[in-house]
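Quick note, the numbering used here runs 1 ahead of the 1-based positions in the sequence shown. Quick reminder that beta carbons are idealized off the backbone N, C-alpha and C, glycines included. What follows is a short report on a single structure.
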Amino acid sequence: MQRAGLEDLLPLSPLQQGLLFHALYDGPSGPERGDPYAVQLVLTLDGPVEAATLRAAAQALLRRHANLRAGFQTGRSGQPAQLIPRAVERALAQIPAERARGFDLARPPALRLVLAHLGCGPDGEARHQLILTSHHILLDGWSTPLLVRELLTLYAHGGDESVLAPVPAYRDYLTWLLDQDHDAARAAWDKALAGLAQPTHLAPAVDGATGPGAAHTVELAAETTTAVIDTARDHGLTLNTVLQGCWALVLAAATGRDDVVFGTPVAARPAELVGAEHMVGLLINTVPVRVRLRPAEPLCQALRRLQDEQAQLLDSQHLGLAEIQRRAGLGELFDTLLAFENHPRDLLDQDIGEVRITDVEAHDATHYPLTVVASPGQRLRLALHHRTDAVTPARAAALADRLQRLVAVFADDPERSVEGCQGVSTDAASWALAQGIAPATGSVPTASLPALFAAQAARTPQAPALRSADGELSYAELDRRADRLARRLRDHNVTAGQVVALALPRSIAHVVAFVAVQKAQGACLPLDVDQPGARLAFVLDDANPALVLTTAAGADALSEQPGGRRLLLDAQGDIADDAAPSSPADTAHFSSPVDTVPRDPGDPLAVDPVDDLGRTAYIVYTSGSTGQPKGVVVSHTGIPSLVETAQTRLGVGPGTRVAQFAALSFDVAVWEMCMALLCGGCLVMVPDDHRTDVDALTRFVAHEAVDVLAVPPSLLSVFPEEAELPEGLTLLVGSEPVPAELVRRWSQRVRVVVAYGVTEATVNQTLWLAPSGWAGRVVPIGHPDPGTRLYVLGPGLAPQAFEEPGELYVGGDRVALGYLGRPELTAERFVADPFGACGSTMYRTGDLARWSPEGELELLGRADEQVQIRGFRVEPGEVESALLAHPAVAAAAVTARDGDCQPASQRLVGYVVPADGANIDTRRLQRHLTTQLPGYMVPWALVELASLPTTPTGKVDRAALPDPTPPGGDDAGAPRTTTEAVLARLIGEVLDVESVGLNDDFFALGGDSISSIVLVSRARRENLELTPRAVFEQRTVGGLARAARELAAPSGQPSSDDTELGRVPATPIMAWLREHDGVIDG
């Protein structure tokens, strides 16, 4: 940079520090992506414009305002400063377009004037556009019209500065900032943010500020605007407070929280600062606005409370956002901004000699995903500026609509409760409810499971119904054996609704017994005899089955367990005829007598003519929050729609071969049986030893020509890529979150259907068919199954609009009867359905979901499983997908562990299983992830495992994942190289930390965006080149050492920029530099 000499050296205001960090972090801008911090004002000028005169006026403007000539650099201390040269050139250019051009903040001025000739206007006069583009670090919204008026006045007088009154110096404002009581401000902000549990992030995490921008604007009617202002005045409220409160309600609905935070720019033009209203520069700061919502509180009262809380912070609004956020300890507190415009913009229809301003167009800058700009006037204007990579246009429109309606609600009914304001519009509610309702078509008769099976057996008696290692049964044979066993169950006093436990191996016997219990009108309780004895004992004691169907080996395993009488079956499902004990001593170990009944074909048992769908079909035990499992009681009511789902959405029909893969005590096993046996298909039982051997499993699926295979994603992730799967295979993937990478990989080869379901609503509720070649990032769970009603509800059970998260409720005919023997828990989770038929219930899943604009459900995880890493929401599944995308990784799981540096901090830990023949270098894998994910999503540690621990149902058992060893091994705390030692020392100096270890996290130690700039600058003084982005991504001494590049220049040699500065006369502001270990040496 060429300078005639340095005129002044100034510190940065807090907001300038933040903008400088973002500019350095995002790197150089350019036409391909624009500059997210560029502010532009376009004036249309009619009349003859003299370019030379305008250029002279522009030069005079730069001479008049020293801070417009500022360049932004760091000194030896690493502290950024504004360097004011005595003169700069390039005041006016004549090029056609230029907003996409960025600024190099080290090379002033960060302001350009462009004069573009547009030809002639309608009246024949010459027409030009004067384009004023500046970096936001120079000017605020109040300053821009002041600057333009001065420019036009100077133009009218040929650049003569004497026609303007002396200008207040921007340095006076910086001096005022330094004189404020920062300790009192810190205490005020600590109090204001005390107890805040988490940040408020509306948009998904998007690295950098590079996305294209758009805006959605709404205007209130003039009469509504008047009503809002009048109502606010009647309640002693400002219009700004009303808008802040309404935006808080929007965020609460959009995030599902009642304690929200957003940012707002505040003017810093205090009355005690002489001439502040005429000062040109960046005299604003961005501060957080915290709003705690109380559902029953009247809206006007909530707004008064908000206004009072904000008034208590007026004297503290000078404190920098970086420091406020650092003290809160939650990272970035918000990603939305609400700006209330109250600065003058009356530039239209001004005459400057023969030139007249006929149009003004403004383009504001923001690096936030969404900024709301409120412009008061005869019609209140609300413009939602958003980055389209973070907030879609459809979502911006929906947010704008909700904000507009809430402002109107305040004008109409300010006494309405906060909760009463949260409902969406009638149209939005109707849309959301319509998406969640999928009526049954009636293609399947409304009948119980045994009735549906009997009808199918009558239609296709000779068709194969069941294949197993024990043999094959046709529908007729299966029907006869089930009838025979059902007769014996009746003989043992099994009546309607009585529980019969199935403690049987994966065999023909299990299927025969399942159908037989249904025919006898009993309720099946499938058991896994390999489960721990204590759990089996609890289930048998809790369910108290009237009878336990088992084998001789199973009876032995159950010998110490409670429960009803044991009835022994052979492998074919017939009652054993050779299992009678030979003496009393042989029966002593049984807790109940063992019945042995000779085979008796008997007469077929007639299907219950009443066919009561409301009786219990089966009971499945699931994990309970109390530490004990709970039994879900499911009736026959949802079975017909489950069959319809298989037929109409999965294409299951006569001849379809459905694998029976799921654990027999898992409710998916019930669906597999229903899918095959109630649709005319064939149930193909997967041998036990094939269920945990993916090579054997895929060979079996191919050999048996399986058409439908239901597997959890954790198992599918380790399927061999070279596996030869049957043509036309449908992979039904569900029971845990499905990574996008897995869908992308397998949808190229087979039909992938993502399933979502809860046991409390008859196995399944939604399906999503992945299009072949799908390349998305978010895997939806699709549309509701026939006969199912799905609701995404917010506070007060209000339907949520699309892209607004809420809790997922399931209604319709599949909702279970409740929890066995748990009336209080049943009442808590199974509640009245306000949208369904009278007396109907819906199940509260505890899952968070939202509707996409396309009407598909997207699952957002559990309400109690949200992971917060450095203030950002992180879905571990996304990190798992990135790990699985690496060719060396066969399976992965990611969880959060408490950090050591701060009690409330959490760190991501990844667990990886290597692919066959692969060696995993965890450090290289971490570096790979830094190229795929934002820095905060890269696991702090990676742990290599031979296999992931799983629960009995095949899901990843996250509780069994081992604690990680700190990265670096036993000597992880001590720097090992000169570079690591230098960086450890510098981090300690910058953050005032006594000792810094190799793996200490820069941000966990108290670092932030501003201190990262200081660290980068000081590292350069030590001949180490780093970038702020590297600090954010690597974070630790070890990581930064790997990212650092050694510079060639010797340590003591001053930079070229320093040699250009020369000697500078001391200025009053230099005391600030001395206090901050700046470049001044006395």
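Contact under 8 Å by Cβ, residue i with residue j
i: residue 154; j: residue 358; result: no
i: residue 177; j: residue 268; result: no
i: residue 483; j: residue 501; result: no
i: residue 633; j: residue 817; result: yes
i: residue 370; j: residue 337; result: yes
i: residue 271; j: residue 285; result: no
i: residue 735; j: residue 757; result: yes
i: residue 689; j: residue 448; result: no
i: residue 623; j: residue 760; result: yes
i: residue 42; j: residue 363; result: yes
i: residue 1012; j: residue 991; result: yes
i: residue 214; j: residue 388; result: yes
i: residue 55; j: residue 116; result: yes
i: residue 658; j: residue 707; result: yes
Option in the options with minimal Cα separation from residue i
i: residue 878; options: 810, 862, 987 and 734; result: 862
i: residue 780; options: 766, 1026, 940 and 741; result: 741
i: residue 1022; options: 76, 6, 51 and 892; result: 76
i: residue 1046; options: 1034, 1020, 1036 and 173; result: 1020
i: residue 280; options: 217, 638, 67 and 291; result: 67
i: residue 851; options: 898, 844, 830 and 791; result: 791
i: residue 467; options: 478, 988 and 393; result: 478
i: residue 840; options: 812, 824, 849 and 440; result: 812
i: residue 122; options: 361, 182 and 48; result: 48
i: residue 6; options: 56, 85 and 23; result: 85
i: residue 151; options: 60, 79, 109 and 493; result: 60
i: residue 499; options: 487, 234, 508 and 845; result: 487
i: residue 939; options: 914, 881 and 958; result: 881
i: residue 955; options: 662, 995, 14 and 743; result: 662
i: residue 287; options: 438, 335, 307 and 830; result: 335
i: residue 342; options: 408, 433 and 240; result: 240
i: residue 190; options: 311, 128, 250 and 297; result: 311
i: residue 782; options: 848, 993, 614 and 930; result: 848
Span of the beta strand (DSSP E), counted from its first residue to its last, around residue i
i: residue 263; result: 260 to 268
i: residue 842; result: 842 to 852
i: residue 291; result: 285 to 293
Status (buried if at least 16 other CB within 10 Å, exposed otherwise) for residue i
i: residue 510; result: buried
i: residue 313; result: exposed
i: residue 457; result: buried
i: residue 275; result: exposed
i: residue 671; result: buried
i: residue 815; result: buried
i: residue 1; result: Here the chain covers residues 2 to 1083 and nothing more, so residue 1 does not appear.
i: residue 578; result: Because residue 578 sits at a pLDDT of 48, beneath the cut-off of 50, its placement in the model cannot be relied upon, and the following sentence gives the value as read from the coordinates. Result: exposed.
i: residue 125; result: exposed
i: residue 1; result: Residue 1 lies beyond the range of the chain shown here (2 to 1083); nothing can be said about it.
i: residue 431; result: exposed
i: residue 20; result: buried
i: residue 223; result: exposed
i: residue 316; result: exposed
i: residue 326; result: buried
i: residue 135; result: buried
i: residue 18; result: buried
i: residue 654; result: exposed
i: residue 1056; result: Low per-residue confidence applies at residue 1056: pLDDT is 38, beneath 50, and the placement is therefore not dependable, though the value from the model is reported in the following sentence. So residue 1056 ends up on the exposed side.
For residue i, the first and last residue of its enclosing alpha helix (DSSP H)
i: residue 956; result: Element bounds for residue 956: n/a, residue is neither H nor E.
i: residue 174; result: 171 to 179
i: residue 325; result: 322 to 329
i: residue 981; result: 979 to 992
i: residue 640; result: 640 to 649
Next item on the list: Mind the definition here: the segment 650 to 669 touches the segment 795 to 803 only if three or more C-beta pairs lie below 8 Å; say whether that holds.
Entry: Contact between the segment 650 to 669 and the segment 795 to 803 is absent: fewer than three C-beta pairs spanning the two stretches fall below 8 Å.
Next item on the list: Could you tell me whether the segment 883 to 897 touches the segment 917 to 933, using the rule of 3 or more Cβ pairs below 8 Å?
Entry: At 8 Å Cβ cutoff, the stretches touch.
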